[in-house]
Amino acid sequence: MEITKNFIQALHNYVTTQLGKYPLMEPSIKLRQLLQQTDSPTIDSSIEIFKEYITRYEIKPLFYRLLLHPGITEEQIAEFMFQICQLARELPTVDLIAFFDEVNTSSCLGLFKEMFMDGTLHGTNIPKNIFFTAAINPFMAKNESKKIHRSDYLVHKLPRALENLKVSYGSLASETLATYIYKKIAMFQISSITNGRKSMPLEDYVQHILAECILRAQEFCEKRLGRVFVFFIQNCIEVFYNK
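As structure tokens, this is what we get:
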């Protein structure tokens, strides 16, 4: 009986110690509740604790992405940063990455300048172990002669303080773009009606036709509009699969 009691206590201590040792481990709600029970642990509860520990935990991410758009507010950005800052303070030796996609579609560029350049968020210091990166869309003056029945994608010119942080990667070469499109299409899965709704990739022939259609559309837009954004490819593929 004493051996069983010691084993139960040792298991409880082991799980608690491991969770403290590896703070990136996110235990399940049930495991937290089991560990916080004030009653003396039993064999059944100990088995449940161990099962939850090895099967029901998640690893906290080190990479965070926020897709920006014209309607996003400073409050939403601050809310996004809150959890990252909280984790960064808990893990001062671990580097976290905050990625802002299409950052210059937002009207909150002043806030991004404060975060990127000053290292503060509304005057509060941001932990030093957060690394910021962002993607922007090219800022170009409207050319009415090339406007074909659509509104230009709204982007804002970067503040001067952020201009020196910008790195231009240019456009993808035709061969690279084709490879990218084929790889993206191959990643998508559909439900097969004839095979018990099992998820499976599109047939090679259909993948090829879809990829070629997108490539031809890209070429058309580049000739008529002078530019085309790669993220439109993702939107096109998603529309195809959702239909």
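Residues in the sequence shown are numbered consecutively from 2, following our numbering.
Note that CB positions come from ideal geometry on N, CA and C, so glycine has one too.
Source: prediction; values computed, not measured.
Within the same chain, show all residues whose beta-carbon is closer than 6 angstroms to that of residue i, passing over the 5 residues directly before and after it, in chain order.
{"i": "Asp205", "result": "none"}
{"i": "Ser29", "result": "Glu53, Arg57"}
With distances taken between CB atoms, is the gap from residue i to residue j smaller than 7 angstroms?
{"i": "Pro93", "j": "Asn130", "result": "yes"}
{"i": "Ala218", "j": "Ile182", "result": "no"}
{"i": "Leu67", "j": "Phe81", "result": "yes"}
{"i": "Phe83", "j": "Ala135", "result": "no"}
{"i": "Leu305", "j": "Ser47", "result": "Summary: the structure shown does not reach residue 305, with the chain confined to residues 2 through 244, and so no result is reported for it."}
{"i": "Met118", "j": "Ala179", "result": "no"}
{"i": "Lys224", "j": "Pro160", "result": "no"}
Among the residues of its own chain, which have a CB less than 8 angstroms from the CB of residue i, if the five just before and after it don't count?
{"i": "Thr106", "result": "Leu69, His70, Pro71, Asn138, Tyr154, Leu155, Val156, His157"}
{"i": "Gln19", "result": "Met26, Tyr54"}
{"i": "Gln10", "result": "Pro42"}
Less than 7 angstroms between C-beta atoms, sequence neighbours within five positions excluded: which residues of the same chain meet that for residue i?
{"i": "Ile127", "result": "Cys86, Met116, Gly120, Thr121"}
{"i": "Ile238", "result": "Lys185, Ile186, Phe189"}
{"i": "Glu59", "result": "Glu27"}
{"i": "Ile215", "result": "Ile182, Ile234, Cys237"}
Since residue i and residue j should fall inside the 8 angstroms C-beta cutoff, what is the C-beta to C-beta distance between them, to a whole number of angstroms?
{"i": "Glu91", "j": "Pro24", "result": "6 angstroms"}
{"i": "Leu36", "j": "Thr17", "result": "6 angstroms"}
From residue i to residue j, what distance separates their C-alpha atoms?
{"i": "Tyr15", "j": "Val95", "result": "24 angstroms"}
{"i": "Thr43", "j": "Phe189", "result": "47 angstroms"}
{"i": "Phe132", "j": "Ala99", "result": "6 angstroms"}
{"i": "Ala79", "j": "Glu3", "result": "53 angstroms"}
{"i": "Gln235", "j": "Phe51", "result": "42 angstroms"}
{"i": "Leu262", "j": "Thr74", "result": "Examination of residue 262 is not possible in this model, given that the chain is present from 2 through 244 alone."}
{"i": "Arg33", "j": "Ala89", "result": "22 angstroms"}
{"i": "Val207", "j": "Val104", "result": "35 angstroms"}
* In chain order, which continuous runs of the beta strand (DSSP E) of length 3 or greater are located wholly inside the stretch 61-125? -> Considered as a whole, the stretch 61-125 harbours 64-68, 97-102 as its complete beta strand (DSSP E) runs of no fewer than 3 residues, in chain order.
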